[in-house]
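This note's numbering puts the first residue of the sequence shown at 2, with every later residue one more than the last.
Report on one structure; see the data block that follows.
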Amino acid sequence: MTHYGRRRSGADPRGVFPVSLGCPKNLVDTEVMAGLLATSGYRLTLDEEAASIYLINTCAFLPAAREEAYAAIRDAVRWKKRRPDRRIVVTGCLPEKFRDGSLQERFPQVDVWLRVDAIPRLAAVLDGAPVPECGGEPVFLCDHTMPRLLLTMPHIAYLKIADGCDNRCAYCSIPGIRGGLRSRPAASVLTEARQLLDGGARELVVVAQDITAYGQDRPADGENAAGLIRELDALEGDFRLRLLYTHPAHYTADFIDAVAESRHVIPYLDIPLQHISDRILRAMGRRAGRADVEALLRTLRERIPDLVLRTTFIAGLPGETEAEFAELEAFLREQRFERCGVFAFSPEPGTPAARMSDQVPGKIAAERADALMALQQEIMRERQREWIGRVDRVLIDAVSGSRAFGRGTADAPDIDNRVVISHGNRLKVGEFYDIVITAADTYELRGECKK
2 MTHYGRRRSG
12 ADPRGVFPVS
22 LGCPKNLVDT
32 EVMAGLLATS
42 GYRLTLDEEA
52 ASIYLINTCA
62 FLPAAREEAY
72 AAIRDAVRWK
82 KRRPDRRIVV
92 TGCLPEKFRD
102 GSLQERFPQV
112 DVWLRVDAIP
122 RLAAVLDGAP
132 VPECGGEPVF
142 LCDHTMPRLL
152 LTMPHIAYLK
162 IADGCDNRCA
172 YCSIPGIRGG
182 LRSRPAASVL
192 TEARQLLDGG
202 ARELVVVAQD
212 ITAYGQDRPA
222 DGENAAGLIR
232 ELDALEGDFR
242 LRLLYTHPAH
252 YTADFIDAVA
262 ESRHVIPYLD
272 IPLQHISDRI
282 LRAMGRRAGR
292 ADVEALLRTL
302 RERIPDLVLR
312 TTFIAGLPGE
322 TEAEFAELEA
332 FLREQRFERC
342 GVFAFSPEPG
352 TPAARMSDQV
362 PGKIAAERAD
372 ALMALQQEIM
382 RERQREWIGR
392 VDRVLIDAVS
402 GSRAFGRGTA
412 DAPDIDNRVV
422 ISHGNRLKVG
432 EFYDIVITAA
442 DTYELRGECK
452 K
């Protein structure tokens, strides 16, 4: 997600132009940095020419994410050349991934490289304090006491319950970048959730690298994902909870019960499965085989009526045979996931998968990913049409002319599809409405407000 604005002459010496890249978890860090700056006398602006500081919070998970970060830095460098007294600050995952200082040589125009553990000191650094020395993997974890300036629509907020990851999947660089799992105390999460709801949020999107692992790093506290979901569900108000980023190996009967019995958790679960071949799953280090995955999916669909499942797959892991790819393709056709993304495997330096033999050529991995996405588009067209005639509770994001635009059960913000409501000019942004779905295509539902 990138925030850019218009240009005009004149600049505020304490004006900050923020750019947030990557996932919602990264956006929460950007919002915390924005809050820290705002409470320290800095002013955020979406007009880059009105700013003297260009702040880029980066993602570095995949080559495409790094290229996006490099492009944003080059934009900032061009901005700085127009007035050399301007400053560029780069934070987040990119400085974490390249702790060796190589980026300083590549982009000498950047004034400050700030690693994750230095986030609380951002304002002090901009005021002239030295950049804090950081150790190995980060340990920073935001909490409810830190100021946070929301950069989403006011009726949506991300609730980050943990950071880091202990799964150590063979293809993934996130643990090396973000560090090991560290869960927030439930009391802190609940306090922030209440603050967000009191501030007008109607949808809380619960995020972490793996929300089903919540509490596993602090077993003595007795806190876990199921208990946290129940406590969030007990909060008063007309709102909904959406759960992103769960791991199939960490589902428990108690967690499934908590979701199924909740008043506020909507029937939408994001479960990145990554593959279905047992051999490939073992090579990935996923700790859940095909039989486990199939049993979990059956249980979820039985226990949670009208469940929408989002997943992701990786095509072309080293050693993936044509037969194993065909197995994955058949599984996708059989399961008919409502939402699905596919990535072509790309070897991440420092990960076990990058050192595996039998690397699948990038061209073949890309072709396999494209084939899966073509199949998924066919499936999604069919699944979308199944909504016709149904009533869904839709949260309105925008009204333009005679139409309103919102998201129902199946649509996470900035990830999934949307619902277009005809004759919706009287609907209010940030409110829920029962919408009768009248038409559908691959990426859009259309409907009318129920009388």
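For every residue, glycine included, the Cβ atom is placed at its ideal position computed from N, Cα and C.
A quick note: this is a predicted structure, and the numbers were derived from the prediction, not measured.
Asked	Found
Three CB pairs or more closer than 8 Å across the segment 261–269 and the segment 305–320	yes
Opening and closing residue of the beta strand (DSSP E) in which R311 lies	309–316
Whole-angstrom distance between I212 and Y246, CA atom to CA atom	6 Å
Proximal residues to A171 (C-beta, below 7 Å), its chain only, five neighbours per side dropped	A284, M285, G286, T352, P353, A354
Residues bridged to W80 (per DSSP)	Partner(s): none; W80 has no beta bridge.
Assumed close pair N58, S103 - CB separation to whole angstroms, cut-off 8 Å	Not confirmed; about 20 Å, so no contact.
Closest by C-alpha distance to A214, when choosing among L205, A226, V207	A226
Same chain, Cβ closer than 7 Å to R149, neighbours up to 5 away in sequence not counted	E32, V33, G36
Same chain, Cβ closer than 7 Å to G448, five either side skipped, listed in chain order	V420, I422, I436, V437, I438, T439
Euclidean distance between Cα positions of I120 and R334	44 Å
Sheet register partners of T59 (DSSP bridge)	G93
Boundaries of the alpha helix (DSSP H) in which H339 is found, first to last residue	It is worth fixing the name first, because residue 339 is Glu in this sequence and not His. It is not in any alpha helix (DSSP H) - E339 carries neither H nor E in the DSSP assignment.
Three-way DSSP call (helix, strand, coil) for A163 in this model	strand
Whole-angstrom C-beta distance between V207 and L160, which should lie under 8 Å	5 Å
Reduced DSSP secondary structure (H/G/I, E/B, other) of F141	coil
Three-state secondary structure assigned by DSSP to F332	helix
Cβ-Cβ separation, Q377 to V343 (assumed contact under 8 Å), whole Å	7 Å
Neighbour flag for R44 against chain D, beta carbons, 9 Å	Annotation note: the requested chain D is absent from the structure, which comprises a single protein chain.
Cα-Cα separation between L274 and I315, rounded to whole angstroms	9 Å
DSSP bridge partner residues for R369 (one or two, in chain order)	None; R369 has no bridge partner.
Beta-bridge pairing of Q275 - partner residues as DSSP gives them	F314
Coarse secondary structure for R461, derived from DSSP in three states	This structure does not reach residue 461, given that the chain is present from 2 up to 452, and the question cannot be answered.
Where P131 sits in the DSSP three-state scheme	coil
CB of D144 within 9 Å of CB of E193, strictly	yes
CA-to-CA distance, D239 to G42, given in whole angstroms	35 Å
Status (buried if at least 16 other CB within 10 Å, exposed otherwise) for T40	exposed
Bounding residues of the beta strand (DSSP E) (the contiguous stretch that carries E349)	Premise fails: E349 is in no beta strand (DSSP E) and is neither H nor E.
Separation of A345 from E325, as counted between CA atoms	15 Å
Residue ranges of each alpha helix (DSSP H) within the segment 172–220, 4 or longer	175–179, 187–199
Unbroken beta strand (DSSP E) run spanning V29, endpoints	First-last for V29: 25–39, but that is the alpha helix (DSSP H), not the beta strand (DSSP E).
Within 9 Å, strictly: CB atoms of D415 and P19	no
Alpha-carbon to alpha-carbon, G216 and P139	18 Å
For G165 and R183, believed in contact at Cβ under 8 Å, the rounded distance	5 Å
Close Cβ partners of D86 (< 8 Å) along its chain, the five nearest in sequence each way excluded	S53
Whether I89 touches K81 by CB criterion (9 Å)	yes
When G317, E232, S174, H156 are compared against P362, the one with the closest alpha-carbon	G317
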